[in-house]
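Structure, as structure tokens:
Chains as they are written, first to last, in our numbering: chain X, 349 to 651; chain R, 349 to 651; chain H, 349 to 651; chain A, 349 to 651.
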């Protein structure tokens, strides 16, 4: 690899490709694959998010990928949606807060590694989401999770929001573990006095239709967990995804899905035998911006 | 540490306690804490499972903990329940299968690290679970997930089954991401032609009652994921758990909850400021049997 | 796996063997292999140590393995020898010291994770090792590293010391990176005013003779680093080791030797094609005592 | 973070800085710190290398940093020097070789993760290094390791070589574990019939002089192992380094130095209390090129 001051992100990644081994090689192959699946008209692109991707600064990148039509389906933890709403409602993610966890608790500051949230932002969140839940139930009190999230997206007016942008663009958001989040908690508290049922298996029907209607599916997996499994497993009915990229720091030996090699998905027909699979070991807040910037530069270059 | 051939598990762990540092010290402290929370009449013990704990050989250990009244609440991925049923229906988990993932797929063998499953066992699973789903809907077609799982537990007759034993003992099982599993897939396929709605937020009511009714709560966390979050977050209404033990190979730096230090939960009031928290870094299929064998020997010794 | 209170360490490990997968299976296979190589008269057993194995509480276990003739060659970082001497000279390893690293520094306390050392112990160490260095140079001022370490072993009188026991038993200790340790630092300071040369490549001659004279070699590797490489690479001249066990938390993807799978050693003829190789992912202060206690119980049982 | 196609590496890293948390924040801070220590006339910059940095494609980047006067001292494993020589002598590092490790062995191909070496290149290496060793002993047969490496550097004529460039620029290379490498093995075989002694502690004198003569020291640590320890410990005599950056995938809990947080070095006076310390968790073949490209662009920009 040879470096030149002022080189573009893609030029750097192409140097990594010349080396072609270890992490550098993986990142190069992931970037190229990302560009190809985004560009391919026939490929439906899933993006799955676990871990603090929105608090970790990827909100705008994800929102832009949706806005530009590069991501067709989003699968996420409830937490990332909660944090998207937190920002949509005027809250923020903070850094450099002093104090140990006990002191933070007393100050009303929640910690995610070196990211901090404030309870006053959650108070605003609770109030605003309750208003939204009220509006939703005025029209309908039996929805699947995807419909519920689309309605929320239409009812907020932050152009930078993932939920809002996805609703505007018609990109479905699936969050099978939604209930296990601050948004889920508010939903449950709301249902103590209001009628609103989310059918746990209700999304599967439209998701399977979507998979059947897709000539090819590629999935980009940031972190593991339920979103990774859902992204892969929802493709089992058609023999598996055609391409997958995963970015993770988890490891494989103890058998958890989060750290599992993508190849394992082939044995379950969650990835096709001929599928293209690239794993990059690393922190998604470094690797994903690199990969996306590189892929987008590559798309412009190849026009 | 000094070793003697033929020493009991507890004697070994007590040698680790004499050293008291690194993993050895963590394991000793976790064992002692586990014994204390199991023994304490006032403490409700949650066990949360993510990763292949049942396929990984912990089924009987977990079942026995429930049977003996040592675990009061189980929170798990849908996958561990699917694999519990697979064994209840006569299937098994296999090892030493030759072939790469593409070859395994053609042989109908699904791989989880070095654990293998056979499609014929899943065929039996599908048939038997469908019969059970039919029986459940005869009585009721609107349940929360916990009720659904209890009913399944009553409808199978394997004494070694976690689901069955939990149903017999009145131990609730929560699986907030149930839908994202083979069991969830069968459920969805069943609902294509039958009426059966699982309310995604339906469990929260009884789980919060249970938390409010518990003078103290301790949670033992194997793996991370949704079950870890649910086990901690469900205690937020009462200021957090009083004790927690986690066993994981995930790491903390990228901010994912699975690898997060338990101390972080204090900032969110998911663990009380004065709570006792022990993390052991390691493979749960080694660490958990050690810890449970040690804690149970310690209980007998202290009688 | 089925647990019984009061079960011996071996009984627990045999339960892990019945499961046979993930960490449990690895630990069982490692225990059996350890027993076999220890028992086999024709196999020379190397033990390589990187990381804080002596500060981490394994000193007595390692010393006993040497005393009982179960380990034939020790390869270690200089740090583990420094800490063996620290204890031989009356010092200790401490736990539960309060303060951040800056405060510890001002108190003269050095930290290794949750292990603490005191500068007063190092002061004693410096004084005593200087006396020993003086005695060594009275007889000889040109040695290889192994000879130097044997001489130190003979000049201390702590029966619990690894260096002392190895010297008594004629077990060679190799420490190719010795100079990079407190012991190395003292050696260098001593040579400012005294004549004492350690030949960096001087050990290779006798180590290669030892390897050539061994019908079979097995190596047990705790941690990675230079000791791991040296233990494997010294066998390259005879086509590689016949068996190897490694215990590590390092991972393989970035290509560092410490996390490399043992299989990779086959490509370099550092492990024979037919060699038996087992890696256990975990903290050596948990895994190694388990494995040794299990192997020794198995030896007694099979008598 | 906001991405623009065609953005430079620095622009991308500055977006990461705006987020400022998790890996993105770490990378940004490391980049800024790297720029500052390189630019500061008073700071002596150490670079320590463990793991396959030369085979992993960083050879040219490291060579250029030396050539441009940005790195003042290099501390490395013997393996990275062996691989530098392998390339200097016309060999290469290969990728995409088919076969398992046993097959690779029979083909004479050594594997480092997904990097491959060929035995024919090592044959050339052996022949050429022997000629060089012969030339060195014509003049001198008692050297310290640094002198030995400088002489090799002068005796090869590859402008792209790290050893050659360092010799030309007067940048010292320290390799305390040199003997444990293919270069060390050749050295030992050479000494079977020739007189050439490398004094194991001989480097310490000049390295301590160098440290004492440096108003400030910063160390950049890729991987851990002996080079990390040596880079930090050699500064203990002056109270520790003033700044340090480490890039690693190792973890801290088991206490190995490779994964230890840099803060721990403060307790040992290997890093000053007021030192600036940044750790980036990741694969060095991705992180280091990013960081260097960013730092160099930042230097040009700030002119």
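Cβ coordinates follow ideal geometry from the N, Cα and C atoms, glycine included.
Note that the structure is predicted; figures quoted are calculated from it, not measured.
Could you check whether the Cβ of residue i sits closer than 9 Å to any Cβ belonging to chain X?
i	result
residue 602 (chain H)	yes
residue 433 (chain R)	no
residue 629 (chain H)	yes
residue 360 (chain A)	yes
residue 353 (chain A)	yes
residue 494 (chain R)	no
Mind checking residue i: buried by the 16 CB within 10 Å criterion, or exposed?
i	result
residue 539 (chain A)	buried
residue 563 (chain A)	exposed
residue 705 (chain A)	The shown model of chain A, from 349 to 651, leaves out residue 705 (chain A), and the question about it has no answer.
residue 622 (chain X)	exposed
residue 534 (chain H)	buried
residue 475 (chain H)	exposed
residue 650 (chain X)	exposed
residue 483 (chain X)	exposed
residue 571 (chain H)	buried
residue 471 (chain A)	exposed
residue 468 (chain H)	exposed
residue 448 (chain R)	exposed
residue 557 (chain X)	exposed
residue 551 (chain A)	buried
residue 648 (chain H)	exposed
Only counting the same chain, and skipping five residues up and downstream in sequence, which positions put a Cβ closer than 7 Å to that of residue i?
i	result
residue 403 (chain A)	431, 441, 460, 463
residue 506 (chain H)	436, 512
residue 485 (chain A)	542, 543, 544
Less than 9 Å between CB atoms is the rule here; does residue i satisfy it with respect to chain R?
i	result
residue 576 (chain H)	no
residue 599 (chain A)	yes
residue 466 (chain H)	no
Using CA atoms only, rank isn't needed, just tell me which of the options is closest to residue i.
i	options	result
residue 425 (chain A)	H:595, H:447, H:578, H:648	H:578
residue 541 (chain A)	A:428, A:583, A:489, A:623	A:489
residue 444 (chain A)	X:633, X:550, X:374	X:374
residue 433 (chain H)	H:407, H:449, H:450	H:407
residue 635 (chain A)	A:457, A:485, A:594, A:547	A:594
residue 523 (chain A)	A:559, A:477, A:576, A:454	A:576
residue 518 (chain X)	X:508, X:532, X:501	X:501
residue 395 (chain A)	A:420, A:559, A:492	A:420
residue 497 (chain H)	H:453, H:547, H:458, H:454	H:547
residue 607 (chain H)	H:499, H:573, H:355, H:477	H:573
residue 580 (chain A)	A:355, A:423, A:473	A:423
Verify the CB distance criterion: does residue i have a CB-CB separation below 9 Å to chain A?
i	result
residue 503 (chain R)	no
residue 552 (chain H)	yes
residue 416 (chain H)	no
residue 439 (chain X)	no
residue 332 (chain X)	Residue coverage of chain X in this structure runs from 349 to 651, which leaves residue 332 (chain X) outside it and unanswerable.
Could you pull out every residue in the same chain whose Cβ sits closer than 6 Å to the Cβ of residue i, ignoring the five residues on either side in sequence?
i	result
residue 530 (chain H)	430
residue 361 (chain X)	376, 379, 642
residue 639 (chain H)	378, 379, 382
residue 555 (chain A)	582
residue 588 (chain A)	617, 618, 619, 620
Suppose the cutoff is 8 Å on Cβ atoms and the five residues either side in sequence are ignored; what does the same chain contact list for residue i look like?
i	result
residue 349 (chain X)	363, 364, 366, 367, 372
For residue i, decide whether its Cβ has a neighbour in chain H, counting only Cβ atoms nearer than 9 Å.
i	result
residue 644 (chain R)	yes
residue 369 (chain X)	yes
Starting from residue i, find everything on chain B with Cβ-Cβ shorter than 8 Å and list it in chain order.
i	result
residue 547 (chain H)	This model lacks chain B altogether, as its protein chains are X, R, H and A.
At least three beta-carbon pairs within less than 8 Å, the region 409-416 of chain R to the region 375-388 of chain H: Taking one beta carbon from each stretch, the region 409-416 of chain R and the region 375-388 of chain H have fewer than 3 pairs nearer than 8 Å; the two do not touch.
Cβ contact check for the region 559-575 of chain H and the region 385-392 of chain H: 3 or more pairs under 8 Å: Under the 8 Å Cβ criterion, the region 559-575 of chain H counts as touching the region 385-392 of chain H, having at least three qualifying pairs.
Cβ contact check for the region 624-639 of chain A and the region 630-645 of chain H: 3 or more pairs under 8 Å: Segments in contact, no.
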